[in-house]
Amino acid sequence: MTIKLIATDMDGTLLNHDNAVSQRNREAIRAARAAGVRVVLCTGRPLPGIATYLEPLGLTTDDDYAIAYNGALVQSCASGTVLLQHEVTLADYARFYTLSQRFHVDIHAEDNQTLYAGQSPTSALTRTEARLTFINLVVRTPDDFAPDTRFAKIMFIDQPAQIDRLQAHLAPATRAAYTIVRSEPYFLEVLNQRASKGRALAGLAAKLHVQPDEVMVLGDQANDLSMFNYAGWGVAMGNAIPAVKAQANAVTGTNAEDGVAQAIERYVLR
């Protein structure tokens, strides 16, 4: 097995409980890059939400890429140039906004720079999400946008029991019309049907002339499963949900145990 590209999730995978990249993880990624292996960060965050991690990891050129918004955007790390993009429309947002009102669940939409909360006052979860992803937070309902407005994603954000209740209500036709992923217990994300981490990774790898069996992926949550379906070698974190572990070729340490570095050292730098 020769790995030419490593695709790693961020939250719960590369990042520890302090939202930091450990020294061992950082050194392993730099060693992989020095060996000629590409490293792609794959996240539900926007590019500004991972910008602080790029320089320490050495991902600073126009030939370095990140998969943002769970696959809705593939961008150059250096310039932000968009390589691949799949958005949702204002009509999509209005549809799910109505559902959020019915189930009393907080909702927001995001583009490259701004998180648009659909309710005021905003919740602590919403404010924390904006702070961690380094994007602006404003309050706007669907009526406040121009008809041609498009978004990277729509997200329900609330207590897990509330999200469970709403998710159980989603009709099969709705599930089929969008990519809907539970990226955290308190997040339910709605994306363009063609957007997923796995599809974005497949598109990027094809442009880079990398085959699926030359790709290693690492992740922990349901929004990472599409990457595992695509890649030749999938490594689940020790803290991953059971569905991810079941799909993986191997299980590494947790995100608090430098699990990403353990996997790179074992399968790439051996």
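Position in the sequence shown counted from 1, then plus 287, gives you the numbering used here. Beta carbons: idealized from backbone N, C-alpha and C, even for Gly.
Alpha carbon of residue i to alpha carbon of residue j, nearest angstrom
i      : j      : result
ALA319 : THR347 : 15 angstroms
SER309 : LYS291 : 23 angstroms
GLN372 : TYR465 : 15 angstroms
SER366 : ALA353 : 11 angstroms
VAL375 : ALA404 : 16 angstroms
PHE390 : LEU453 : 6 angstroms
ASN357 : ASN399 : 13 angstroms
ALA548 : VAL531 : 19 angstroms
ALA439 : VAL327 : 19 angstroms
LEU402 : ARG557 : 42 angstroms
ASP298 : ALA455 : 25 angstroms
PHE432 : SER410 : 22 angstroms
ALA355 : ASP511 : 12 angstroms
Residue range of the unbroken beta strand (DSSP E) whose run includes residue i
i      : result
MET503 : 502-506
GLU471 : 465-471
ARG325 : 325-329
ALA294 : 292-296
Bridge partners - residue i, DSSP secondary structure assignment
i      : result
GLN362 : ALA353, VAL369
VAL522 : LEU505, ALA537
HIS395 : ALA404, MET442
GLU476 : MET442, VAL468
Reduced DSSP category for residue i - H, G, I as helix; E, B as strand; rest coil
i      : result
ASN510 : helix
HIS456 : helix
THR348 : coil
VAL531 : helix
LEU302 : coil
ASN423 : strand
LYS289 : The sequence as given places Thr at residue 289; Lys does not occur at that position. The answer is coil: DSSP assigns THR289 none of H, G, I, E or B.
Burial state of residue i (16 or more Cβ within 10 Å)
i      : result
GLY336 : buried
VAL392 : buried
VAL369 : exposed
ALA493 : exposed
GLU471 : buried
HIS304 : exposed
SER513 : buried
ALA535 : buried
SER407 : exposed
ASN423 : exposed
GLN508 : buried
ASN306 : exposed
ALA518 : buried
LEU419 : exposed
Range covered by the alpha helix (DSSP H) that runs through residue i
i      : result
TYR554 : 546-554
SER387 : 377-390
ASN312 : 310-321
GLU342 : 338-344
ALA433 : Counting along the chain, ALA433 falls outside any alpha helix (DSSP H), and DSSP gives it neither H nor E.
LEU419 : 411-420
ALA487 : 484-494
heavy atom of the ligand MN below 7 angstroms from residue i C-beta
i      : result
ASP511 : With respect to the ligand MN, the structure offers nothing, as it holds no ligand at all.
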